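One rule links them: number in the numbering used here = place in the sequence shown (from 1) + 115. Backbone N, C-alpha and C fix where the C-beta goes; we use that ideal spot for every residue, glycine too. Just so you know, these numbers come straight off a predicted model, no measurement behind them. Accompanying notes for the structure given below.
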Amino acid sequence: MTMRSLGAAWPPLLHAVRRTSHQGAAAAAPPGAERIGAGIGRLSNLVLERGEGSWVYTADGEKYLDFSTGIGVTNLGHCHPHVTEAVRQQIGKLWHAQVNIAYHSQMLKLTEKLEKVMPGDGGLTSFLFVTTGSEAVEAAVKLARHATKKPNVIVFQGGYHGRTLLTMSMTTSGTKYRAGYGPHAAGIFVAPHPFFALREQSEADHAAWAVEQLEMMLLQQTAPSETAAVVLEPVLGEGGYVPPAPGLLQGIRDFCDRHEILFIADEVQSGFGRTGRMFAVDHDGVCPDILVFAKGVASGFPLAGIASRRELTSTQPAGSQGGTYAGNAVACAAANATPGTGIFTGSWRGAHVLSLLR
Ligand SMILES: Cc1ncc(COP(=O)(O)O)c(C=O)c1O
Numbered sequence: 116m117t118m119r120s121l122g123a124a125w126p127p128l129l130h131a132v133r134r135t136s137h138q139g140a141a142a143a144a145p146p147g148a149e150r151i152g153a154g155i156g157r158l159s160n161l162v163l164e165r166g167e168g169s170w171v172y173t174a175d176g177e178k179y180l181d182f183s184t185g186i187g188v189t190n191l192g193h194c195h196p197h198v199t200e201a202v203r204q205q206i207g208k209l210w211h212a213q214v215n216i217a218y219h220s221q222m223l224k225l226t227e228k229l230e231k232v233m234p235g236d237g238g239l240t241s242f243l244f245v246t247t248g249s250e251a252v253e254a255a256v257k258l259a260r261h262a263t264k265k266p267n268v269i270v271f272q273g274g275y276h277g278r279t280l281l282t283m284s285m286t287t288s289g290t291k292y293r294a295g296y297g298p299h300a301a302g303i304f305v306a307p308h309p310f311f312a313l314r315e316q317s318e319a320d321h322a323a324w325a326v327e328q329l330e331m332m333l334l335q336q337t338a339p340s341e342t343a344a345v346v347l348e349p350v351l352g353e354g355g356y357v358p359p360a361p362g363l364l365q366g367i368r369d370f371c372d373r374h375e376i377l378f379i380a381d382e383v384q385s386g387f388g389r390t391g392r393m394f395a396v397d398h399d400g401v402c403p404d405i406l407v408f409a410k411g412v413a414s415g416f417p418l419a420g421i422a423s424r425r426e427l428t429s430t431q432p433a434g435s436q437g438g439t440y441a442g443n444a445v446a447c448a449a450a451n452a453t454p455g456t457g458i459f460t461g462s463w464r465g466a467h468v469l470s471l472l473r
């Protein structure tokens, strides 16, 4: 099955094993639901109590096969014993070592592990950890602006980059994320995505068309001298689960090089094995200037970050990045244990889930 056909056949996210005996989406809202703000919204009223591997269990003892993986997070399944043990050990030692106060050994160890799996030929050796994917996207934009001394960023139609003020302004996968929350952040320019514009045409035409549109944007909307970065989800996520057309990533890489614009790959959702390679850009052998990661990195513990080149990060003033919970020690311990399971690829997970369905 290709990535595209998987996307088109997006299954019910929480699949009841025996539908008839399960309440599923029809379950009544639990007591206390009225105290949770309506802005959150959710697909079901299930109250999850426990997770194990690909299964989750409700407070009523119902068992569900979890296709949602917490939206691209629990790549190893729920509560993998190897990660659970690493977290237990870390909890007995140190929970919080604030990143602007001191180092902690789990973070230092993690940089070594991540450096080895980053795309490209060893350029992405500088890491900055935060807590959420949105924060990491914001950190990437801050870095691009600071390093290039240019204000604007180009994003793609249909992209999802988060719900904070800046990342909401970069998100065009659905107006539900934006409507009523304006005015939006300045300096964001939305490039057309070939998937939406050229649906009926051969994918062979998509890359050249997309790059031509980017060139037009530099002529008509944001000059190269004002454009810091192009931000792209290599696999469009919320916008339709669309893998990149052949040559698209390389075309954008070349475009960025031609105009001294940085290429930021938002791999928050596509990273850590979800496309069968460590990162989606690995399929095309393309290396971004800044790679944004989150979700699968720590198997469900809140951790995110960016990887970049040292010459870009080294001029940032000390203290201009960070955060109270940035790179939390327990989350880093979970991240360090995640590859140690030896089942780190999406292809393994995909085969496992399919075997459960048969
Ligand atoms: C591609 C992408 N970028 C950024 C984000 C935002 O991450 P978070 O929800 O952790 O802030 C998401 C979340 O789904 C995402 O899929």
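contact_flag[the segment 362 to 382, the segment 254 to 270] where n(CB pairs < 8 Å) is 3 or more: yes
With C-beta atoms as the reference, is Phe408 less than 8 Å away from Val445? On the sequence shown, position 293 is the one that residue 408 refers to. On the sequence shown, position 330 is the one that residue 445 refers to. No; because the gap between Cβ atoms is not below 8 Å, this pair is not in contact.
Separation of Asn160 from Pro145, as counted between CA atoms: Against the sequence shown, residue 145 aligns to sequence position 30. Against the sequence shown, residue 160 aligns to sequence position 45. Straight-line Cα distance between these residues: approximately 7 Å.
Going by the DSSP bridge assignment, what does His193 pair with across the sheet? Taking the sequence shown and counting its residues from 1, the one referred to as residue 193 is at position 78. Answer is Gly168.
Please say whether Gly411 and Glu348 have beta carbons closer to each other than 8 Å? Taking the first residue of the sequence shown as position 1, residue 348 is located at position 233. Taking the first residue of the sequence shown as position 1, residue 411 is located at position 296. For Glu348 and Gly411, no; Cβs fall outside 8 Å.
Does the segment 208 to 225 come close enough to the segment 343 to 362 to have 3 or more Cβ pairs within less than 8 Å? no
Quick one, which of Asn215, Arg368, Thr290 and Asp397 has its alpha-carbon nearest Trp245's? Translated into positions along the sequence shown, residue 245 becomes position 130. In the sequence as displayed, the identity of residue 245 is Val instead of Trp. The option with the nearest alpha carbon to Val245 is Asn215.
So the candidates are Gly187, Gly420 and Met331; which of them puts its Cα closest to the Cα of Ser169? Residue mapping note: residue 169 aligns to position 54 of the sequence shown, counting from 1. Ser169 has its Cα closest to that of Gly187, out of Gly187, Gly420 and Met331.
For Gly154, is the beta carbon positioned less than 7 Å from some heavy atom of ligand 1? Translated into positions along the sequence shown, residue 154 becomes position 39. Incorrect: Gly154 has no Cβ contact closer than 7 Å to ligand 1.
Any heavy atom of ligand 1 within a distance shorter than 7 Å of the CB on Glu113? Since the displayed the chain opens at 116 and closes at 473, residue 113 lies outside it and no answer follows.
Can you list, in chain order, the residues of its chain with a C-beta nearer than 6 Å to that of Tyr172? Leave out the 5 residues immediately preceding and following it. Within the sequence shown, the letter at position 57 stands for residue 172. If we look at Tyr172 and ignore the five residues flanking it on each side, its Cβ neighbours are Glu164, Arg165 and Lys178.
How would you write the range of the alpha helix (DSSP H) that Phe416 sits in, first residue to last? For the purposes of this step, residue 416 is taken as residue 301 along the sequence shown, with counting starting at 1. Here Phe416 belongs to no alpha helix (DSSP H), and DSSP marks it neither H nor E.
Who pairs with Ile303 in a beta bridge, going by DSSP? Here residue 303 corresponds to residue number 188 of the sequence shown, with the count starting at 1. Partner(s): Val268.
Check the DSSP bridge columns for Thr184 and list the partner residues they point to. As a working mapping, residue 184 is identified with position 69 in the sequence shown. Paired residues: none, contrary to the question.
Whole-number beta carbon distance between Val346 and His398, since they are thought to touch under 8 Å: As a working note, residue 398 is residue 283 in the sequence shown. As a working note, residue 346 is residue 231 in the sequence shown. Wrong, their Cβ atoms sit about 19 Å apart, outside the cutoff.
Residue ranges of each alpha helix (DSSP H) run of no fewer than 4 residues wholly in the segment 317 to 386, ordered along the chain? 321 to 335 and 363 to 374
Looking at chain D, is there any beta carbon in it that lies within less than 8 Å of the beta carbon of Gly354? The displayed structure is made up of one protein chain only, and chain D is not part of it.
Length of the line joining the Cα atoms of Gly438 and Thr247: One-based indexing of the sequence shown puts residue 438 at position 323. One-based indexing of the sequence shown puts residue 247 at position 132. Approximately 11 Å, taken between the alpha carbons.
For Glu149, is the classification buried or exposed, using 16 other Cβ atoms within 10 angstroms of its Cβ as the cut-off for buried? For the purposes of this step, residue 149 is identified with residue 34 of the sequence shown, where counting begins at 1. With fewer than 16 other Cβ atoms within 10 Å, it is exposed.
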